[in-house]
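Notes follow the structure.
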Amino acid sequence: MEGKKVKHDAVEGLWAHLHWLTVLQQQGSFSKAAARLGVSKASMSQHIADLEKATGIALVQRTTRSAKLTEAGKQLVESTRGAFEQIATGFASVRDLAGAPRGSLRVTAPVAFARQQLVPRLPEFLRRYPAIHLELDMSDRIRSLAQEGFDVAVRHTGAPPETHVAWTLTPTRTVLAASRSYLRARGIPETPQALSSHACLHYPRAEGTPTWTFVPARSAPSGPATSHVDPMTVAVAGPMAVNNSEALRDAAIEGLGIALLPDFSAQSALETGRLIEVLPEWRPTGAFGEWLYAIRPYSAHTSRVSQVFIEFLRGAFANGFSTKAPTLI
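Position 144 of the sequence shown, counting from 1, maps to 145 under my numbering, and the rest follow consecutively.
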């Protein structure tokens, strides 16, 4: 009995070490894991060394740039992962009972959308919930939410990943826009085919000649669709391609050409007349996502901090990015 008690006590003393091993697997390096846990790299390394000493087997394969778990390490993580997830869920559930939402919230969102639409709204959220500390990652790179520790992501896409829980924030549309100075100098295209003779500012997506695809627009947002017409695809060329819709918008404002933009990037410039919508009777397709979503990794429990942030987003973007754009004349 005494021997079993000693072993049990020894395992209890390694619970934190086991959790740190799980985080190391998620992050892929000692530096990133230490930053995620808020500890030093030396402390992180020592905890894993202690765990390897206690188990008597190598758990991590170390290189100068990364750390990968051995088969034994993976087996240990998989056997304990469920317990740690259950502990985290239980702790979050109890903490949510204690008054106003409080705690940290890690959010990731696309750069252009975050700069133009999300960041201006965050002060209202933080004033409403002063006990929440928000960390925003602005990146166009698709991130692994669970592995990188994000609670909520905003995604501009056609459909959210099936492995996550998603909330629809608002539909979006793609618009074609140019400055008054450009249109007065080069003329207003009357059809999609006319774009082939214009300077077109595009978002680079693949090798080869860039193309834009159009279908006839509906007569009204809630009206019936037009009769079926095959999509019209046009090859385009111009002086500039850039993988950021905010930069495309600014280039169009400067008169460099006609830009294809998501409505959340074009909204302000259209409302102020710095840009004019081109070919409004045609709807561009396939260039950008058609919906804005808030998503989170799947789990049985949603923290109250995540819940209030998602509800805030749903209210903030309920009306979408519709514009009342002035005409050229």
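All C-beta atoms, glycine included, are put in the ideal place defined by N, C-alpha and C.
What do you reckon, are the CB atoms on residue i and residue j nearer than 7 Å?
i: T173; j: P263; result: yes
i: Q268; j: F313; result: no
i: A288; j: T175; result: yes
i: E278; j: S266; result: no
i: S182; j: I254; result: no
i: A178; j: L276; result: yes
i: A147; j: P298; result: yes
i: Q20; j: D51; result: It should be pointed out that residue 20 corresponds to His in this sequence rather than to Gln. No; because the gap between Cβ atoms is not below 7 Å, this pair is not in contact.
i: A36; j: M45; result: no
Looking only at its chain, what residues have a beta carbon closer than 8 Å to the beta carbon of residue i, apart from the 5 residues adjacent to it on each side?
i: H9; result: Only weak support exists for where H9 lies, its pLDDT of 48 falling under 50; the value from the coordinates is given anyway. Around H9: no qualifying Cβ.
i: Q194; result: M233 and V235
i: G104; result: R96, A132, I133, H134, S304 and V306
i: L15; result: D51, L52 and A55
i: R116; result: M139 and E247
i: S67; result: G29 and S30
i: N320; result: T171
i: K42; result: F31, S32 and A35
i: L38; result: W21, V24 and M45
What is the C-beta distance between residue i and residue j, in whole angstroms, given that I count them as a contact (C-beta under 8 Å)?
i: H157; j: G316; result: Their Cβ separation, rounded to whole angstroms, is 18 Å, which puts H157 and G316 out of contact at 8 Å.
i: G239; j: G258; result: 5 Å
i: L25; j: I49; result: 7 Å
i: A260; j: L196; result: With 8 Å as the limit, A260 and L196 do not qualify as a contact, their Cβ atoms being about 11 Å apart.
i: P102; j: R305; result: 5 Å
i: F126; j: F310; result: 7 Å
i: I58; j: V166; result: Between V166 and I58 the Cβ distance is about 37 Å, and since that is not below 8 Å, they are no contact.
i: L249; j: Y204; result: 7 Å
i: T23; j: T71; result: Actually they are not in contact, since the Cβ atoms of T23 and T71 sit about 15 Å apart, beyond 8 Å.
Among residues of its own chain, excluding the 5 on either side of residue i, which ones have a beta-carbon nearer than 7 Å to its beta-carbon?
i: P225; result: Caution is warranted here: a pLDDT of 40 is assigned to P225, below 50, making its placement in the model unreliable, and no coordinate value can be reported.
i: R122; result: A317
i: F114; result: V155, H157 and F265
i: T210; result: A236
i: G74; result: L22, L60 and V61
i: A160; result: none
Are the C-beta atoms of residue i and some chain D residue less than 7 Å apart?
i: F265; result: Given the protein chain composition of this structure (a single chain), no chain D is represented.
Excluding the 5 residues flanking residue i on each side, which residues of the same chain have their C-beta closer than 6 Å to its C-beta?
i: K69; result: Q62
i: Q118; result: F265
i: E136; result: R107
i: Q27; result: Q148
i: P162; result: none
i: E208; result: none
Check your understanding: Is it true that the segment 60-77 meets the segment 14-31, where meeting means three or more beta-carbon pairs spaced less than 8 Å apart?
Key -> A contact is defined here as three or more CB-CB pairs under 8 Å, and the segment 60-77 meets this definition with respect to the segment 14-31.
Check your understanding: Looking at C-beta atoms only, is the number of pairs between the segment 127-145 and the segment 183-196 that lie closer than 8 Å three or more?
Key -> Pairwise C-beta distances place the segment 127-145 out of contact with the segment 183-196, as fewer than three of them are shorter than 8 Å.
Review point. Do the segment 211-221 and the segment 233-252 touch if we need at least three Cβ pairs shorter than 8 Å?
Key: Taking one beta carbon from each stretch, the segment 211-221 and the segment 233-252 have 3 or more pairs nearer than 8 Å; the two touch.
Check your understanding: Are the segment 243-250 and the segment 158-172 touching, with three or more C-beta to C-beta distances below 8 Å?
Key -> No, the segment 243-250 does not touch the segment 158-172.
Exercise for review: At 4 residues or longer, and completely inside the segment 121-203: list those alpha helix (DSSP H) runs for me, N to C.
Suggested key: Scanning the segment 121-203 for uninterrupted alpha helix (DSSP H) segments of 4 residues or longer gives 123-129, 146-149 and 181-187, listed from N- to C-terminal end.
Check your understanding: Is the segment 273-283 touching the segment 125-138 in the sense that three or more CB pairs, one from each, lie closer than 8 Å?
Key -> A contact is defined here as three or more CB-CB pairs under 8 Å, and the segment 125-138 fails this definition with respect to the segment 273-283.
Check your understanding: Hey, which unbroken runs of the alpha helix (DSSP H) at 4 residues or more fall wholly within the segment 245-316?
Key -> The segment 245-316 contains these whole alpha helix (DSSP H) runs: 246-254 and 264-273.
Point to revise | Validate contact between the segment 108-123 and the segment 147-164 using beta carbons, cut 8 Å, 3 pairs | key: Touching, per the Cβ criterion.
Point to revise | 3 or more residues per run - each beta strand (DSSP E) lying fully within the segment 20-86 | key: Fully enclosed beta strand (DSSP E) runs of 3 or longer: 61-63 and 68-70.
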